[in-house]
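Reading through the structure tokens given below for one structure.
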Amino acid sequence: MAEAATEKASPTDHTAEHADDPSAPSHTGHPSDWEYIKVAIFLAIVTAAEVALYYVEGLGARLVLLILCVMMVVKFAIVAMWFMHLRFDSKIFRRFFITGILLAFGVYLIVLTTFGVWSRPGEHTPVSPSPPTTTARPG
Amino acid sequence: MSGRRHRLLKCSGVVLLLLFLVACGSKKTPQNSLSPAGEYARTIDNLIDPVFIVAAVVFVLVEGLALLFVIRYRQRPGPEPVQVHGNTRLEVGWTLVPFLILVTIAVPTIITIFKLADEPPNAVNVTVIGHQWWWEYRYDDLGIVSANELHLPVGRPVQLKLQSVDVIHSYWVPRLNGKTDVVPGRTNHSKLKAERPGTYIGQCTEFCGLSHANMRNRAVAQTPADFDAWVKGQQQAAVAPAANTDAATGMTLFTSKGCTGCHTVQGLSKGAVGPNLTHLYSRSTFAGSMFDLNATELRKWLHDPPGVKPGSKMPNLNLSADEIQKLIAYLETLK
Amino acid sequence: MTVTHDEESTPTTTTEGSHDELAPEHPPTSTGLSNEKLAMWAFLGSECLLFGALISVYLLFRGRSAPGTITPKDVYDIPYTSVSAFVLLMSSLTMVLALANHQRGDFRRFRVWILTTALLGAAFVGGQMYEFTVFYEKGLKLSTNLFGSSFFVLTGFHGVHVFLGILMLMSLFTLSLKGRIPESRSEVIELGGLYWHFVDIVWIIIFTLVYLVP
Amino acid sequence: MTITTDPPRTAVAPEDAPPRLLRRPSGYAHGLWGWLTTVDHKKIGIMYGVTAFIFFILGGLEAMLLRIQLGSPESTFLSADTYNQVFTMHGTTMIFLVVMPLSAGLANYLIPLMIGARDVAFPRLNAFGYWVFLVGGLFMYTSFIFGGAPNGGWFGYPPNTLKAFSPGHNIDYWVFGLQILGIASLTGAINLIVTTLNMRAPGMSLFRMPIFVWMSVIAQFLLLFAIPVITVALFLLMFDRQFGANFFNAQAGSDPLLWQHLFWLFGHPEVYILILPAMGVVSEILPVFTRKPLFGYQVMVFSGIAIAFMGWGVWAHHMFVSGIGPVATSAFAASTMLIAVPTGVKIFNWLATMWRGQIRTKVPFLFAVGFVTMFTIGGLSGVTHGVVPADTQQTDTYYVVAHFHYVLFGGSMFGLFAGAYYWYPKLTNKLLNEKLGKLHFWLMLIGFNLTFGPMHLLGLWGMPRRVYTYPSGRGWDFWNLMSTVGSFLIAISILVFIVNMIKTRKAGPAGDDPWDARTLEWTTSSPPPEYNFAVVPLVTARDDLWHRKYTEDEHGRAIPRVTSEEHDADKEADTDDDRVISAAATEGTGTIDATVDGGTDSAKDGEVDEGHDDEDRSDEAVHPVPTAHDLHIHMPSPSYWPLFTAIGLAVVAYGMIYRVWIVAILGGIWILTGIYAWGMEPSAEPEAEGGQHVPVDEPDQPADDDPDAPGPGSPELEPVGS
Ligand code: HEA
Ligand code: HEA
Ligand code: CUA
Ligand SMILES: [Cu+2]
């Protein structure tokens, strides 16, 4: 019964989905070229750091992995938010993209986990089927 | 309301009866997964039955209501119906109730999963190797290699290491345990246990090509004594037949025709493509338990294996009737 | 699903105007978003699962290759790849500059930048082809081992995406030369840009997870 | 969507217009070319439906072969190899060439009508989607001619499908065929998503959309994210088969389970893609024939969304016995069972919709109830699958076959048949014969249960699936025979349906709203004009049409709004044309301002609504229907390029399969040519060239101040878009 009211309510309800506010159109409020360049410089520095890290000896593999992933995510986010304007653009776009990313991340993470790739990172030894091509063992 | 409960009870009674029918008669249905003959299968069965009952109740409820409403509320004189748009309490209700029901199913399920996963103590270890389209068994610590018919002692668990040399198969003896896929590149594990002596049949259940339907297997449960006897027998080498008998010529043919290239006859050959024939006649069936083991079937087989078993990896060797006769004579000595 | 909040919805008073006034900034769609851009973002969302799968396959096969066959260590040339990664990264900058210039109607600069972007992209693809041949000579083929299969397929897929992107940029360039992309249509550029940046983003991940991770 | 009265825009200046390879069909082309070049979502929807039904006959005939073979033990009716091809093609056909396209067809036809749009967001992309589907389907079926159809099962597990074990081209056809079909689904998904989000009529907020639109668009989202996964899987398999890669080669240290994960990661969302539209259909039909609104609309929407989300977390329930370990199986068992909850909510809400209704037991209703009851059975067996230890007994037996036929046939097909009977009058202005319809229903219901009910027993009694033969003495003989008998009943019932359609050709006009329905598609004429609505409707409520016709008295009972005879007049569909059209015209000019502003909201306030309510409520009664031209409605022009481009895909595929690289390359060039020409031709020809008007907000339309700007179909977008 509760819904009876809302269902025939004045049209101004249920207009919720109009996510994009045209009064903040996607083309306004964009950074200036200079800002873009600053962003790019930052990205370049991070990349350099990544490569440098590759040559650094001594740190544990896991630590390196961690740092690399952090830097990767940072770069990813910056390009998406500034160059792809997600920062300024409609929520809907962001939702589409983020849904894709999270979904991909989630499911593939589970897949990899079921294969136990985290257990011994790197040196996984595949089970070789003991093919009876090796002559059958007599008693 | 009470009327409905009444009907509900009646119907679930009917369903239980049906369940009984399904379970009964393992004579008529030797591959029946609902007539367990071993601990593990029984564990599963004990889990299925209550689940089926829950399902039956839900079934009766839903179908009953559907029927009731369709009949009760068919178009009838009178005003238009009241426009009901929903009822939050009800909807929350029939979200929660199924949820709770499912939780009560999930808990025992997960417990059983782990119960069935752990390795049994003092088990007979057998490596089961899937081939297109037959099964090879290796009792590694007993030094036995056999095919298609798995022997196991009653009351003692058998731990299976499952491997494949070609495609994915699935090993299944319904009355002893559920199935487990046999995946090339990995080793899967399963286990069997029989309560009573007897022959329990099964077959490959993962589509594995042309003769998937003909890739069958048996589990022969024996009293410990019989089992030990069988083990002794299997561990013997083959005895060469007495000179200038048919069997003897058969044996020479067995080499000259290249059988040795694929088959192991212990003491004679070390072929590994086909089943080990050393104790062929200790088995009751052959070629993936497709045929009963006897001269007539063997004759058909040797005449044209792929002809009688589509795609069989044993080629047609164009043997003459006479050669076949001799070969069979030889094979019959492989007790 | 996109169910959002009232306060964002258009005030009923706005734009009593004719179409010319509101084109193209707010297409007269229910969301006020242009169909093309929505479609592009949907497509990019879908692409995430495509590359996600390929990358996961590569990670899954890390170190699973048959023993004694070529490993990443044997073939990777990090300094070289770093340069091409840098090149692609910068192409994102030039792309966004191209768009910015187009939006403010500076078509000459726009063409300069978009051409640079295409060139940088071409440099990247060329570099990748060279890398492939080097690996090939070192004996790494698609069929050599799991590493070969997953590496070539993953990076190859990405390469193809870049290549398509270049075709796209070039046609934008020529169209603009013919004066067929006025300021009002700069969204077309934006769409091309979105795709281009996405390809760049993917490489950011590949570079780290495939090349750098020990 | 609006009517515009301003003069046609200036044509593409010839000089910078690209050379036309083919003369573009002008206007709303009719006859064969009309169909080959159409971009009208209704025509495309019909083509989807017809094609899919023909494939259903094919898939069904294949099924009959299976049943005949299995009718008796040791049967030699089919050889092992033939049997494997037949069951593989049966499964592949039914899933990818029947249920998916039938749902796509319904969505194509109905979504724009239901949300009050005049077309989809990308009409040519829409046509492209259909042609790609057709090409993909035909391509796969040519394998029967060229030496053997796919024979690896509909989920083609490697290593069995690798060259080593399937040396022929059978599997190649499957790989490339599915790859092509994937393109069709992806373009379709993007198109329908954008359409639903962007093309709604004023006032049609998301939560006023008919449930069918909701469920369809949710399914499209699932496609959007699931297709790339199988695309990758198929690519890997292709690289293994064609170029000797090692992705599924155990000897090289790979793990065949990789395929299973990728396939079912697609495969399980896929099964909800197959059921959600049918659920939407049922949710539309039950209210109409019970004369009550859908019980718990919001909950229905959210449970649909919940199912879609959960559908991503259960794939490994197809791998319970493949050795993924107790932890994983437990987790997936739990998630699998959880999915029963939102689905159950739907079932109970449907029941509650019937509760205390005034039920008209017309054929569409019967099929809808058939869905509810049969799907429940399939769902329950699904839950028993979720009980892992039980599943180790059931998997790959006929118990699974029973499960998925109860959900796919008892669910999807019953739902789609319900939809067929329900919307047939809208497509053709003819009502299907009730008697034959009821005969069809009962025959199908009985035959269906006789066919698939026994399979539960067979499975539990240990009969594996995908066996071309079985020995007698397993206790399977009798029920297999029964199942075969049942399948013939189904076949007969389908024949009855075909007969019904043939008989109905002579039936009288059904009228625009024969069921006294609730949603917008029934406000326009039957069949709808190419532009769907002379006046873009102004939506003021969920089930808008119902609220135009009825209101509620103090007890909440429905009472007619308009006086009864006026009401009848509507239904008999005879009103004075001129009056309505002129009304339409004024209405139209009126609506422009309301609609073209960024949001559709401005149109949504009380008094517009009142004004609208009393005015032409009878616009569905316009006969004969005026053309778009009369009303100055711009519609997109037909185009050859979608068809042209689609054909290129098959060329590439053949080239790849037979390793004639030159052919593959030519195919690629063919496709690029198509895309380029497509991009260079404006979506709508300006009138000057004998083309049609374009609605001002028709998406593909070049912006006013720049007639030459490439539309979304321009080369820089198409490689991406499709
Ligand atoms: C339309 C397609 C469709 C749908 C909707 C479903 C729905 C479900 N499926 Fe099904 N499934 C398939 C199509 C579908 N399936 C196909 C094609 C296969 C075989 C693939 C192959 O191997 O070839 C398959 C296989 C399959 C398996 C693998 C079996 C095996 O191979 O071993 C499993 C295992 O868990 C499963 C589970 C489920 C579950 C839990 C649901 C749930 O969504 C069902 C939920 C519905 C209900 C439960 C009924 C209504 C609910 C209530 C009335 C509430 C009260 C209920 C309870 C409290 C229990 N399905
Ligand atoms: C929507 C999906 C769908 C539908 C509707 C059907 C419909 C049917 N299926 Fe289907 N089936 C599958 C999906 C479907 N199936 C899938 C996915 C598989 C798994 C494949 C695999 O293992 O890989 C499968 C497997 C499968 C098997 C198991 C094969 C095996 O494992 O060995 C069997 C066996 O009986 C079977 C039977 C049937 C039957 C009898 C019908 C009947 O309902 C068909 C009835 C329809 C008709 C009969 C229409 C034909 C019309 C006429 C004949 C009228 C005459 C017209 C003219 C002559 C012009 N199917
Ligand atoms: Cu082995 Cu099926
Ligand atoms: Cu599933």
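Protein chains in written order, with the working numbering: chain H, 503 to 641; chain V, 745 to 1079; chain U, 153 to 366; chain C, 8 to 729.
Note that the Cβ used here is the ideal one computed from N, Cα and C, for glycine as well.
Using the Cα positions of methionine 216/C and phenylalanine 578/H, report the straight-line distance between them to the nearest angstrom. The count along the fourth sequence starts at 1 and reaches residue 216/C at position 209. The count along the first sequence starts at 1 and reaches residue 578/H at position 76. Taking the straight line from one Cα to the other gives about 36 Å.
My output table needs one value for tyrosine 557/C: the three-state DSSP class, helix, strand or coil. Along the fourth sequence, one-based indexing puts residue 557/C at 550. Residue state, collapsed to three classes: strand.
Test item, CB below 7 Å from any non-hydrogen atom of ligand 4: Residues flagged by the Cβ proximity filter: Trp271/C, Gly274/C, His275/C, Val278/C, Val321/C, Trp322/C, His324/C, His325/C.
Between valine 365/U and valine 566/H, what straight-line distance do the alpha-carbon atoms span, to the nearest angstrom? In the third sequence, the residue the question calls residue 365/U occupies position 213. In the first sequence, the residue the question calls residue 566/H occupies position 64. About 8 Å.
For the beta strand (DSSP E) containing valine 926/V, list its first residue and its last residue. Taking the second sequence and counting its residues from 1, one reaches residue 926/V at position 182. Going by DSSP, valine 926/V is part of the beta strand (DSSP E) stretching over 921 to 926.
Using only alpha-carbon positions, find the residue among Pro166/C, Gly655/C, Tyr538/C that is nearest to isoleucine 672/C. The residue given as residue 672/C occupies position 665 in the fourth sequence. It is Gly655/C.
Hey, how far is the Cα of cysteine 952/V from the Cα of threonine 476/C? Here the question's residue 952/V lines up with position 208 in the second sequence. Here the question's residue 476/C lines up with position 469 in the fourth sequence. The alpha-carbon atoms of cysteine 952/V and threonine 476/C are separated by roughly 14 Å.
Could you tell me which residues DSSP pairs with leucine 896/V in its beta bridges? The sequence position of residue 896/V within the second sequence is 152, counting from 1. Leucine 896/V is bridged to Ala965/V.
When the Cα of glycine 466/C is compared with those of Val408/C, His412/C, Trp522/C, which residue comes out closest? Taking the first residue of the fourth sequence as 1, we reach residue 466/C at position 459. Of Val408/C, His412/C, Trp522/C, the residue nearest in Cα terms is Val408/C.
Any idea if phenylalanine 858/V is buried or exposed, counting beta-carbon neighbours within 10 angstroms, 16 or more meaning buried? The residue given as residue 858/V occupies position 114 in the second sequence. By the 10 Å Cβ count, phenylalanine 858/V comes out exposed.
In chain order, what residues of the same chain have a beta carbon less than 6 Å from the beta carbon of lysine 49/C, not counting five sequence neighbours either side? Position 42 of the fourth sequence, counted from the start, is the residue given in the question as residue 49/C. In chain order, Tyr116 place their CB closer than 6 Å to the CB of lysine 49/C, counting only its own chain and leaving out the 5 sequence neighbours on each side.
Using DSSP with H/G/I as helix, E/B as strand and the rest coil, what is aspartate 885/V? Residue numbering aside, residue 885/V sits at position 141 when the second sequence is read from its first letter. Secondary structure of aspartate 885/V (DSSP, three-state): coil.
Quick one: does proline 558/H have its CB under 8 Å from some CB of chain U? Translated into the one-based positions of the first sequence, residue 558/H becomes position 56. Going by the sequence as given, residue 558/H is valine instead of proline. No - not a single Cβ of chain U is within 8 Å of the one on valine 558/H.
Is histidine 403/C near ligand 1, going by C-beta to nearest heavy atom under 7 Å? The sequence position of residue 403/C within the fourth sequence is 396, counting from 1. The displayed chain sequence assigns aspartate, not histidine, to residue 403/C. Yes, the Cβ of aspartate 403/C comes within 7 Å of a heavy atom of ligand 1.
Runs of 3 residues minimum, wholly inside the segment 820 to 879 of chain V: which ones carry the beta strand (DSSP E) assignment? If you keep only unbroken beta strand (DSSP E) runs of at least 3 residues inside the segment 820 to 879 of chain V, you get 868 to 875.
Give every residue of the same chain whose Cβ lies closer than 8 Å to the Cβ of tyrosine 557/C, excluding the five residues on either side of it in the sequence, and list them in chain order. Along the fourth sequence, read from residue 1 onward, the residue named residue 557/C stands at position 550. Contacts found: Ala565, Ile566, Pro567, Arg568.
Where do the N-terminal and C-terminal ends of the beta strand (DSSP E) with glycine 946/V fall, by residue? Translated into the one-based positions of the second sequence, residue 946/V becomes position 202. For glycine 946/V, the enclosing beta strand (DSSP E) covers residues 942 to 947.
Within 7 Å of ligand 3: residues by beta-carbon to any heavy atom: Selection around ligand 3 by beta-carbon proximity, strictly under 7 Å to any non-hydrogen atom, yields Gly874/V, Gln876/V, Trp877/V, His913/V, Ser914/V, Cys948/V, Thr949/V, Glu950/V, Phe951/V, Cys952/V, His956/V, Met959/V in chain order.
Mapping the DSSP letters down to three states, classify arginine 215/C as helix, strand or coil. By 1-based counting over the fourth sequence, the position of residue 215/C is 208. The answer is helix: DSSP assigns arginine 215/C an H, G or I state.
I want to verify the contact list: residues of chain U whose CB lies under 7 Å from the CB of alanine 259/C, in sequence order. As a first step, residue 259/C must be located in the fourth sequence, where it is residue number 252. Within chain U, the residues near alanine 259/C are Ala218, Asn297, Leu298.
Cβ separation of glycine 303/C and serine 223/C, assumed to be a contact under 8 Å, to the nearest whole Å: Along the fourth sequence, read from residue 1 onward, the residue named residue 303/C stands at position 296. Along the fourth sequence, read from residue 1 onward, the residue named residue 223/C stands at position 216. The pair is not a contact, with the Cβ atoms about 19 Å apart (cut-off 8 Å).
Residues in the same chain with beta-carbon distance under 6 Å from threonine 233/U, minus the five sequence neighbours each way, listed in chain order, please. The residue labelled residue 233/U in the question sits at position 81 within the third sequence. The residues are Tyr363.
Taking the alpha carbon of phenylalanine 504/C as the point to measure from, which residue in Ala425/C, Gly417/C, Val474/C has its own alpha carbon closest? Residue 504/C sits at position 497 when you count from the first residue of the fourth sequence. Nearest option by C-alpha distance: Ala425/C.
Below-8 Å beta-carbon distance, alanine 237/U vs any chain H residue: Looking up residue 237/U in the third sequence gives position 85. Yes, alanine 237/U lies at the interface with chain H (some Cβ there is under 8 Å from its Cβ).
Please return the same chain residues whose Cβ sits closer than 6 Å to the Cβ of isoleucine 237/C, not counting the five positions on each side in sequence. Position 230 of the fourth sequence, counting from 1, holds the residue named residue 237/C. The beta carbon of isoleucine 237/C lies closer than 6 Å to those of Phe273 in the same chain, with the five residues before and after it left out.
The beta strand (DSSP E) with isoleucine 566/C in it runs from where to where? In the fourth sequence, residue 566/C corresponds to position 559, counting from 1. That run of the beta strand (DSSP E) goes 565 to 567.
For the beta strand (DSSP E) holding serine 934/V, just list the boundary residues, first then last. Translated into positions along the second sequence, residue 934/V becomes position 190. Here the beta strand (DSSP E) through serine 934/V covers 932 to 936.
Counting pairs of Cβ atoms below 8 Å between the segment 669 to 683 of chain C and the segment 154 to 169 of chain C, do you hit three or more? Verdict: no, contact absent.
With a threshold of 7 Å (Cβ to nearest heavy atom), would arginine 472/C be considered close to ligand 2? Counted from its first residue, the fourth sequence places residue 472/C at position 465. Result yes, Cβ under 7 Å from ligand 2.
Going by DSSP, what residues sit across from arginine 960/V in a beta bridge? What you label residue 960/V is simply residue 216 of the second sequence in a count that begins at 1. DSSP, once it has assigned bridges, lists Gln947/V as partnering arginine 960/V.
Beta carbon of lysine 445/C nearer than 8 Å to that of glycine 364/C: Looking up residue 445/C in the fourth sequence gives position 438. Looking up residue 364/C in the fourth sequence gives position 357. Remark: C-beta atoms of lysine 445/C and glycine 364/C do not approach each other more closely than 8 Å.
How long is the line joining the alpha carbons of serine 329/C and proline 521/C, rounded to whole angstroms? By 1-based counting over the fourth sequence, the position of residue 329/C is 322. By 1-based counting over the fourth sequence, the position of residue 521/C is 514. Cα-Cα distance, rounded: 53 Å.
Buried or exposed: which applies to leucine 104/C, given that a residue is buried once 16 or more other Cβ atoms fall within 10 Å of its Cβ? In the fourth sequence, counting from the first residue as 1, residue 104/C sits at position 97. So leucine 104/C counts as buried.
Cut-off 6 Å between Cβ atoms - residues of its own chain near proline 928/V, not counting five sequence neighbours on either side: What you label residue 928/V is simply residue 184 of the second sequence in a count that begins at 1. Contacts found: Ser908.
I'd like the list of long-range same chain contacts for histidine 176/C, defined as Cβ closer than 6 Å, with 5 residues on each side in sequence excluded. The residue given as residue 176/C occupies position 169 in the fourth sequence. Around histidine 176/C: Ile664.
Relative to the C-alpha of glycine 1032/V, which candidate in Thr967/V, Leu1012/V, Gln876/V has its C-alpha closest? By one-based count along the second sequence, residue 1032/V stands at place 288. Nearest C-alpha to glycine 1032/V: Gln876/V.
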